[in-house]
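Participant: The opening position of the sequence shown corresponds to residue 210 in our numbering, with each subsequent residue numbered one higher.
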Amino acid sequence: MEHTNYAQTLSERILALRREKGMTQEALADQLGVSFQAVSKWENSQSCPDIALLPLLADIFHVSVDSLFGRETIAEQPAPESPGAPEINPTFEYCDKLPWPDDNTLRGVVAWGHKVLWNETLNGTSFSFDSKKDEYTWLLRYSPLNVECKHNLQVEGNIQGDVNAGMNINGCGSIGGNVNAGLNINSDGDIGNNANAGLGITCGDIGNNVNAGLGITCGDVGNNAHAGKDIECGNIEGNAEARRGNIECHSIGGDAKARKIIINEQ
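1. Buried or exposed: where does serine 460 fall if 16 or more other Cβ atoms within 10 Å of its Cβ makes it buried?
2. Figure out for me which residue from Thr411, Ile471, Val248, Gly424 has the closest Cα to the Cα of arginine 227.
3. For glutamine 234, count neighbouring C-beta atoms within 10 Å of its own C-beta (all shown protein chains included) and say buried if the count is 16 or more, exposed if not.
4. Suppose you measure from the CA of lysine 230 to the CA of arginine 453; what does that come to, to the nearest Å?
5. Beta carbon of valine 430, beta carbon of isoleucine 415: below 8 Å?
6. In chain order, what residues of the same chain have a beta carbon less than 7 Å from the beta carbon of glutamine 369, not counting five sequence neighbours either side?
7. Any idea what DSSP makes of threonine 411, helix, strand or coil?
8. Select from Ala421, Pro258, Asn448, Glu450 the residue whose C-alpha is nearest the C-alpha of threonine 218.
9. Taking only three categories from DSSP, how would you classify leucine 237?
10. In chain order, which beta strand (DSSP E) runs of at least 3 residues are fully inside the segment 366-441?
11. Between which residues of its own chain and glycine 463 is the CB-CB distance below 6 Å, once the five residues before and five after are set aside?
12. Give me the Cα-Cα distance between asparagine 377 and asparagine 433, rounded to the nearest whole angstrom.
13. Just to confirm before moving on: does the CB-CB distance between glycine 380 and valine 364 stay below 8 Å?
14. What number of angstroms, rounded off, separates the C-alpha of aspartate 439 from the C-alpha of arginine 280?
15. What are the boundary residues of the beta strand (DSSP E) that isoleucine 471 is part of?
16. Within a Cβ cutoff of 6 Å, which residues of the same chain sit near asparagine 373, ignoring the five residues on either side of it in sequence?
17. Short check: CB of glycine 428 to CB of alanine 406, under 8 Å?
18. Does DSSP put lysine 466 in a helix, in a strand, or in coil?
19. Quick one: measure Cβ to Cβ for leucine 241 and leucine 262, integer angstroms, because I've assumed they're closer than 8 Å.
20. Check serine 256 in the structure and name its three-state DSSP category.
21. Assuming the contact rule is C-beta atoms closer than 8 Å, valine 266 and leucine 277 should be a hit. Round their C-beta distance to whole Å, please.
22. Would glycine 398 and glycine 382 be called neighbours here (beta carbons separated by less than 8 Å)?
23. For glutamate 441 versus threonine 426, is the C-beta spacing smaller than 8 Å?
24. Please determine, among Lys359, His360, Ser396, Ala465, the residue with the shortest C-alpha to C-alpha distance to glycine 366.
25. Which residue's Cα is closest to the Cα of valine 274: Tyr215, Ile471, Lys359, Leu237?
26. Can you give me the start and stop residues for the alpha helix (DSSP H) that glutamate 221 sits inside?
27. Indicate whether asparagine 403 and asparagine 393 have their beta-carbon atoms separated by less than 8 Å.
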């Protein structure tokens, strides 16, 4: 009888699920309270996670513990609620005629009767966007994997994956993946991967690149930082450019371009 190498399977599943969710090793490590070196060792089959971390891994990836060991087909689990948020029991009705992929993204749209107020053409279907209703805000009180909203997005809690909003993103805790906003990003926590905003960005640390049409105020930046105006942050690991403003930070690992560069050494 052939026996499954569960340690190898676990290693491969963690790597595949992390990449599928667009998370960095650092972002996953932060959610688990371990070092990114520990995550690297798991993914390279050099060690295995402590048994107490398996339920947390399953929750982060929205799978069962059994599926981490390849014992069943991956099944999406209900999204956990944010601490202190009221109990929410959403009801879902499946429809196969919506103009977006059937993926693991929670989307917020506005409809006028049976007409979705949209400003794009997807899969050959055109949806009109009513500019008089562009001030809608979607309030989210629990933590799904990915979120997409064409208007304003107000989040009370953390998001494990990517967040996209056509207008502003406000109030988020930590975000594990990429963040894109047509206007501003105002997050109370860290962003695990890239952050892009048409106007300004205010948040904690950013794991990869950050781009803003106006100013950036954040913690450390894991790669490059580009802004239309001022950049105020901690350490910038890559290049930095403030096209019409100043850069004030602790250190810059690469090239820098701005009207004035202020280095506040730690």
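Heads up, the beta-carbon is just placed ideally off N, CA and C, and yes, glycines get one too. Quick caveat, the model's predicted, so the values are computed rather than measured.
Facilitator: The short version:
1. Within the sequence shown, the letter at position 251 stands for residue 460. Serine 460 is exposed by the Cβ-count criterion.
2. For this step, residue 227 is matched to residue 18 along the sequence shown. Ranking Thr411, Ile471, Val248, Gly424 by Cα distance to arginine 227 puts Val248 first.
3. Along the sequence shown, one-based indexing puts residue 234 at 25. That one is buried.
4. To locate residue 230, count along the sequence shown from 1; it is residue 21. To locate residue 453, count along the sequence shown from 1; it is residue 244. Going by the C-alpha atoms only, they are around 35 Å apart.
5. The residue given as residue 430 occupies position 221 in the sequence shown. The residue given as residue 415 occupies position 206 in the sequence shown. Yes; because the gap between Cβ atoms is below 8 Å, this pair is in contact.
6. To locate residue 369, count along the sequence shown from 1; it is residue 160. Excluding five sequence positions before and after glutamine 369, the CB atoms of its chain that fall closer than 7 Å to its own CB belong to Lys230, Ile269, Ser352, Leu354, Gly385, given in chain order.
7. On the sequence shown, position 202 is the one that residue 411 refers to. If DSSP states are grouped into helix, strand and coil, threonine 411 belongs with the strands.
8. On the sequence shown, residue 218 is found 9 positions in, with the first residue counted as 1. Comparing Cα positions, the closest option is Pro258.
9. One-based indexing of the sequence shown puts residue 237 at position 28. Reduced to three states, the DSSP call for leucine 237 is helix.
10. 372-374, 378-384, 388-390, 394-396, 404-406, 419-421, 434-436
11. For the purposes of this step, residue 463 is identified with residue 254 of the sequence shown, where counting begins at 1. Closer than 6 Å at the Cβ level, and outside the excluded window around glycine 463, lie Gly447, Asn448.
12. Taking the sequence shown and counting its residues from 1, one reaches residue 377 at position 168. Taking the sequence shown and counting its residues from 1, one reaches residue 433 at position 224. Spanning the two alpha carbons is a distance of roughly 22 Å.
13. Residue numbering aside, residue 380 sits at position 171 when the sequence shown is read from its first letter. Residue numbering aside, residue 364 sits at position 155 when the sequence shown is read from its first letter. Yes, the Cβ-Cβ distance between glycine 380 and valine 364 is below 8 Å.
14. What you label residue 439 is simply residue 230 of the sequence shown in a count that begins at 1. What you label residue 280 is simply residue 71 of the sequence shown in a count that begins at 1. Between aspartate 439 and arginine 280, the C-alpha separation is close to 51 Å.
15. In the sequence shown, counting from the first residue as 1, residue 471 sits at position 262. That run of the beta strand (DSSP E) goes 469-472.
16. By one-based count along the sequence shown, residue 373 stands at place 164. Glu357, Asn389.
17. Looking up residue 428 in the sequence shown gives position 219. Looking up residue 406 in the sequence shown gives position 197. Their beta carbons are not under 8 Å apart, which means glycine 428 does not touch alanine 406 by this criterion.
18. The sequence position of residue 466 within the sequence shown is 257, counting from 1. In the structure shown, lysine 466 sits in a strand (DSSP, three-state: E or B).
19. Residue numbering aside, residue 241 sits at position 32 when the sequence shown is read from its first letter. Residue numbering aside, residue 262 sits at position 53 when the sequence shown is read from its first letter. That belief holds up - the Cβ atoms of leucine 241 and leucine 262 are roughly 6 Å apart, short of 8 Å.
20. Reading the sequence shown from its first residue, position 47 is the one you call residue 256. Note: serine 256 maps to coil in three-state DSSP.
21. By one-based count along the sequence shown, residue 266 stands at place 57. By one-based count along the sequence shown, residue 277 stands at place 68. Sequence check: residue 266 is leucine here, not valine. Yes, leucine 266 and leucine 277 are in contact; Cβ-Cβ is about 6 Å, under 8 Å.
22. On the sequence shown, residue 398 is found 189 positions in, with the first residue counted as 1. On the sequence shown, residue 382 is found 173 positions in, with the first residue counted as 1. Going by C-beta atoms, glycine 398 is nearer than 8 Å to glycine 382.
23. Counting from 1 along the sequence shown, the entry for residue 441 is found at position 232. Counting from 1 along the sequence shown, the entry for residue 426 is found at position 217. In this structure, threonine 426 lies closer than 8 Å to glutamate 441 by Cβ.
24. Counting from one through the sequence shown, the residue named residue 366 turns up at place 157. Among Lys359, His360, Ser396, Ala465, the Cα nearest to that of glycine 366 belongs to Ser396.
25. Residue 274 sits at position 65 when you count from the first residue of the sequence shown. Here the closest residue by C-alpha is Tyr215.
26. The residue you call residue 221 lines up with position 12 of the sequence shown. Taken as a continuous stretch (DSSP letters only), the alpha helix (DSSP H) holding glutamate 221 covers 215-229.
27. To locate residue 403, count along the sequence shown from 1; it is residue 194. To locate residue 393, count along the sequence shown from 1; it is residue 184. No. Outside cutoff.
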